[in-house]
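Everything in the sequence shown is counted per my numbering, starting at 236 for the first residue and increasing by one.
Built from N, CA and C at the ideal position, the CB exists for glycine as well.
Presented below is the structure to which this report refers.
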Amino acid sequence: MECKTLHFSRHAFERMFQRGVEPSAVVHIVAEAEIIFEYSDDKPYPSALLLGSYGKQAIHVVVARSTAGECHLAVC
C-alpha cells in the first residue's frame, strides 16, 4: 500500500509491544504486503487488512488510507 505518511494509533503501539513487533516491521508490511480484504465502508477512511511477513513472522495489519495518501495504522 502506498502511503505518504504512516500514523500509528495508541492501540497499534500497544498491540505491537504485546506481540514484540518492531515499528520497522510494520513499515515493511505496509509497503510490501498483500491486501487480503478491503473494508471500503469503514469510517473515517476506507481500510484494508494486510498480510505480510517480516523474517519468519507472519503479521496482519489493518490500515486506513485517506484521500491525501496518509495511512493510519489501526491494529497490528
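{"Item": "Quick one: what's A293 bridged to in DSSP?", "Value": "S288"}
{"Item": "Output the distance between the C-alpha atoms of G255 and I294, rounded to the nearest integer angstrom.", "Value": "11 angstroms"}
{"Item": "Look up S259 in the DSSP assignment and say whether it is helix, strand or coil.", "Value": "helix"}
{"Item": "Going by DSSP in three states, E273 sits in which element: helix, strand or coil?", "Value": "strand"}
{"Item": "Out of V297, Y274, P279 and A303, state which residue places its alpha-carbon closest to the alpha-carbon of F248.", "Value": "V297"}
{"Item": "Taking the beta strand (DSSP E) that T302 falls in, what are its first and last residues?", "Value": "Looking at the DSSP string, T302 is not in any beta strand (DSSP E), and its letter there is neither H nor E."}
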